[in-house]
Amino acid sequence: MPFTHTLQVIGHRTIDAVWRIGLATRFFALTLMYSGTSFRRFHLIIKELFSTGVMSLIIIIVAGLFVGMVLGLQGYETLQRYGSESALGVMVALGLVRELGPVVAALLFASRAGSAMTAEIGLMKATEQISAMEMMAVNPIARIVAPRFWAGVISMPLLAAMFSAVGVFGGYFVGVIQIGVDEGSFWSQMQAAVDFREDILNGVLKSFVFGTVVTVIALFEGFDAPPTAEGVSGATTRTVVTSSLAILMLDFVLTAIMFRGN
Amino acid sequence: MERTTLDLWVGIFVVAGIAALVMLAMKVGNLSSYNMSETYQVHAYFSNIGGLKPKASIKSAGVLVGRVTDIKLDMQRYEADVVMNLDKRYQFPKDTFADILTSGLLGEQYIGLVAGGDSDMLQNGEQIKKTQSAVVLEDLIGKFIYNKAEESVKPK
Amino acid sequence: MVEISDLHFAYDKRAILKGINMSLQKGKLIAIMGSSGCGKTTLLRHIGGVLKPTKGYVKISGQVIHELDQHNLYAMRRKMGMLFQFGALFTDMSVFDNVAFQMREHTTLPEELIHDLVLMKLHAVGLRGTQKLMPSELSGGMARRVALARTVALDPMLIMYDEPFAGLDPISLRVVGDLIRRLNDALGATSVVVTHDVQESLKIVDYVYFMENGTIAAEGTPEEIRASDKAFVRQFVHGEIDGPVPFHYPGGDYRQELNLSV
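Chains as they are written, first to last, in the working numbering: chain A, 1 to 262; chain B, 1 to 156; chain C, 1 to 262.
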């Protein structure tokens with residue numbers, strides 16, 4: 001019966017997904033529990049900050065610049081129809097600070113740093129480095145996972161802020177310098193409309209949540225990967241797909257909670 | 001990689017990130033104009049506030065002098081009670097006139113203050129008595145159509 | 001020193017170990033041999049406390065391993081060293097940091113002392129000159145020797161070797177075999193070598209256990225093994241294709257599967 005078979009497949013997939021969510025949550029709790037070492041020996045986090053944060057700088061800055069420039073162009077096209085091109089600054093800044101900064105930076109972070117984390121930990125597992133560490137009486141969650149987790153959580157908001165800041169300048173470059181929108185109204189309308197708490201801090205909060213989720217997914221997939229070449233490559237793909245979907249879904253939920261009030 | 005170069009790069013990264021945040025707060029956001037050193041509070045009743053919202057700006061002669069902090073419906077008068085914080089540096093006479101205005105045709109609404117001639121100044125907690133409500137675009141269009149309709153009936 | 005009594009273990013329903021009895025004396029070098037997939041590595045994992053037996057126990061210095069809590073298990077593991085199949089060096093650390101890893105994790109020794117200790121360990125395996133290299137820059141044999149230096153970094157009393165000879169050229173094989181013997185004697189430790197390299201291990205060990213199908217098939221000193229007339233031992237020592245260890249995996253009747261009979 002193909003129909004019952006389809007239902008079976010759906011049931012199996014659902015049970016499997018719930019299982020994985022449960023396992024990932026337990027993994028997350030263990031990571032938090034064993035975070036003490038990372039803070040007592042902060043250079044462990046610094047080392048990971050280099051590979052997650054610093055190595056993502058270039059892609060974040062270049063992407064931010066171009067997204068800002070596109071926003072400047074498209075925004076001008078739309079706004080000038082209503083004769084309100086002086087609101088270009090508002091549009092660029094709000095779009096970046098509320099949505100595009102946190103979301104696009106997190107998507108880039110997932111594919112740049114997240115996939116690298118999964119591959120690295122998956123390979124460590126495949127080459128028995130994790131078992132070796134365990135046999136040396138060193139907890140791999142405390143020594144390998146927790147520092148990477150905190151590095152991800154710390155770098156994500158900083159990267160998102162850089163993305164937005166660079167993007168605003170991209171919009172400024174196209175809007176004010178290329179097209180010739182009035183510079184004064186560009187900045188002043190922006191400042192009047194962008195609220196520090198409502199917009200900027202909420203954006204930072206979003207990127208903090210995204211950073212946590214992406215890093216946990218990446219680390220979990222790596223730690224859970226079957227110790228084979230296909231296992232690791234499959235886990236890397238799953239990290240990018242799962243965390244991208246998680247970012248977009250969470251973004252909707254967070255936006256609904258944060259900005260529905262007005 | 002040497003430990004010191006690594007530390008240096010991470011240092012640069014963190015400082016750049018924080019600088020970006022500060023830049024967003026000061027240059028893009030309104031944190032720099034947020035801290036109106038000291039304020040005093042006045043309130044006013046409007047029969048209709050239109051689309052006025054908390055945190056809307058209060059301007060006099062186009063200069064930002066304060067912000068709306070609270071809007072509620074007064075159940076005795078069935079009018080909107082608007083509480084506003086004004087900058088202590090700007091003092092207004094008791095007979096100041098408060099208008100709800102719109103910036104541009106579709107822009108957001110704000111309160112405009114036009115100073116009167118009284119020699120006594122508004123004190124903390126006092127009420128601005130002279131107010132003019134928001135111009136509601138739909139009402140205006142409604143009136144316009146009604147008038148037009150009347151005009152076209154009259155000649156007959 | 002190590003006492004294994006009636007050890008059983010099963011993955012799901014598939015029995016891997018079916019009642020292993022062993023007793024390993026202090027200062028001895030013991031080999032566990034058997035064909036691939038006979039449960040040798042599983043046995044090692046029980047000694048290290050990674051797996052819990054379904055029946056029976058492993059006792060080290062009078063303590064039953066699977067009954068220890070995490071704290072005591074970790075304390076026990078500090079007295080053990082394990083060399084993994086391909087070394088399992090930490091790929092993100094230099095040779096020096098790899099050997100220093102356990103000293104930094106488990107002791108509060110000053111960095112100058114660690115420096116000297118690491119160089120002594122590396123000197124013992126003849127690779128003092130590689131301290132600044134990364135594991136990816138070493139040949140397979142050198143990586144195995146560095147891993148050996150790391151395994152004995154804290155002078156363990158029990159050293160386990162999981163296939164130490166796999167994938168080595170004849171020279172490296174002799175070097176590693178010789179090092180295993182010399183380190184064992186120098187430290188006065190007990191060593192367990194899991195291997196299927198019969199010729200090399202018979203040269204260096206004191207006692208041999210033969211495992212087949214989850215049970216001990218034969219045991220004795222190297223001389224006794226060489227002289228043994230048991231079919232299984234003879235097949236293994238001389239590398240014959242068919243014998244008690246069948247060439248064919250158990251399956252249905254060949255003719256019937258090819259649809260020849262009826």
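All C-beta atoms in this analysis are idealised placements derived from N, C-alpha and C, irrespective of residue type, glycine included.
Which of helix, strand or coil DSSP assigns to residue i
| i | result |
| --- | --- |
| residue 54 of chain C | coil |
| residue 147 of chain A | helix |
| residue 136 of chain A | coil |
| residue 172 of chain A | helix |
| residue 69 of chain A | helix |
| residue 14 of chain C | strand |
| residue 61 of chain B | coil |
| residue 125 of chain C | coil |
| residue 262 of chain A | Confidence at residue 262 of chain A is low in this model, with a pLDDT of 49, below 50, so the placement of that residue is unreliable and no value is reported for it. |
| residue 67 of chain B | strand |
| residue 85 of chain B | strand |
| residue 126 of chain B | coil |
| residue 69 of chain C | coil |
| residue 177 of chain A | helix |
| residue 22 of chain A | helix |
| residue 80 of chain A | helix |
| residue 49 of chain B | coil |
| residue 196 of chain A | helix |
| residue 249 of chain C | coil |
| residue 16 of chain B | helix |
| residue 202 of chain A | helix |
| residue 93 of chain B | strand |
Below-8 Å beta-carbon distance, residue i vs any chain A residue
| i | result |
| --- | --- |
| residue 10 of chain B | yes |
| residue 166 of chain C | no |
| residue 7 of chain B | yes |
| residue 86 of chain C | yes |
| residue 140 of chain C | no |
| residue 74 of chain C | yes |
| residue 57 of chain B | yes |
| residue 157 of chain C | no |
| residue 24 of chain B | yes |
| residue 48 of chain C | yes |
| residue 28 of chain B | yes |
| residue 50 of chain B | no |
| residue 78 of chain C | yes |
C-beta neighbour in chain B for residue i, strict 8 Å
| i | result |
| --- | --- |
| residue 54 of chain A | yes |
| residue 206 of chain A | no |
| residue 262 of chain A | Because residue 262 of chain A carries a pLDDT of 49, less than 50, the predicted location of this residue cannot be relied on, and the following value inherits that uncertainty. True, the Cβ-Cβ gap to chain B drops below 8 Å. |
| residue 57 of chain A | yes |
| residue 164 of chain A | yes |
| residue 252 of chain A | no |
| residue 149 of chain A | no |
| residue 42 of chain A | no |
Residue-chain proximity (residue i, chain C), Cβ-Cβ < 8 Å
| i | result |
| --- | --- |
| residue 77 of chain A | no |
| residue 241 of chain A | no |
| residue 127 of chain A | yes |
| residue 138 of chain A | yes |
| residue 131 of chain A | yes |
C-beta atoms of residue i and residue j nearer than 8 Å
| i | j | result |
| --- | --- | --- |
| residue 28 of chain B | residue 190 of chain A | yes |
| residue 64 of chain A | residue 167 of chain A | yes |
| residue 152 of chain C | residue 122 of chain C | no |
| residue 189 of chain C | residue 156 of chain C | yes |
| residue 94 of chain B | residue 118 of chain B | yes |
| residue 222 of chain A | residue 118 of chain A | yes |
| residue 218 of chain A | residue 244 of chain A | no |
| residue 45 of chain B | residue 131 of chain B | yes |
| residue 110 of chain A | residue 204 of chain A | no |
Nearest-angstrom beta carbon gap, residue j and residue i [assumed within contact, 8 Å]
| i | j | result |
| --- | --- | --- |
| residue 111 of chain B | residue 84 of chain B | 7 Å |
| residue 195 of chain C | residue 33 of chain C | 6 Å |
| residue 141 of chain C | residue 193 of chain C | Actually they do not touch by this definition, with Cβ atoms about 17 Å apart. |
| residue 10 of chain B | residue 128 of chain B | With a Cβ gap of about 55 Å, residue 10 of chain B and residue 128 of chain B do not count as contacting. |
| residue 39 of chain C | residue 6 of chain C | 14 Å between Cβ atoms; not a contact. |
Heavy atom of the ligand SAM within 7 Å of residue i beta-carbon
| i | result |
| --- | --- |
| residue 76 of chain B | Inclusion of the ligand SAM in the displayed structure is not the case, the ligand content being empty and no account of it being possible. |
* Which residues, taken in chain order from the region 89-104 of chain C, show a beta carbon closer than 8 Å to some beta carbon of chain A? -> For the region 89-104 of chain C, residues whose beta-carbon sits nearer than 8 Å to a beta-carbon of chain A comprise 89, 90, 91, 92, 101, 102.
* Asked: For the region 103-119 of chain C, which residues have a beta carbon sitting closer than 8 Å to at least one beta carbon of chain A?
  -> So the close ones are 105, 106.
* Asked: What residues in the region 171-195 of chain A bring their beta carbon closer than 9 Å to a beta carbon of chain B?
  -> Taken in chain order, the members of the region 171-195 of chain A whose beta-carbon sits within less than 9 Å of a beta-carbon on chain B are 187, 190, 191, 192, 193, 194, 195.
* **Near-chain A residues of the region 72-89 of chain B (beta-carbon distance less than 8 Å), N- to C-terminal order** => The region 72-89 of chain B vs chain A, Cβ under 8 Å: nothing.
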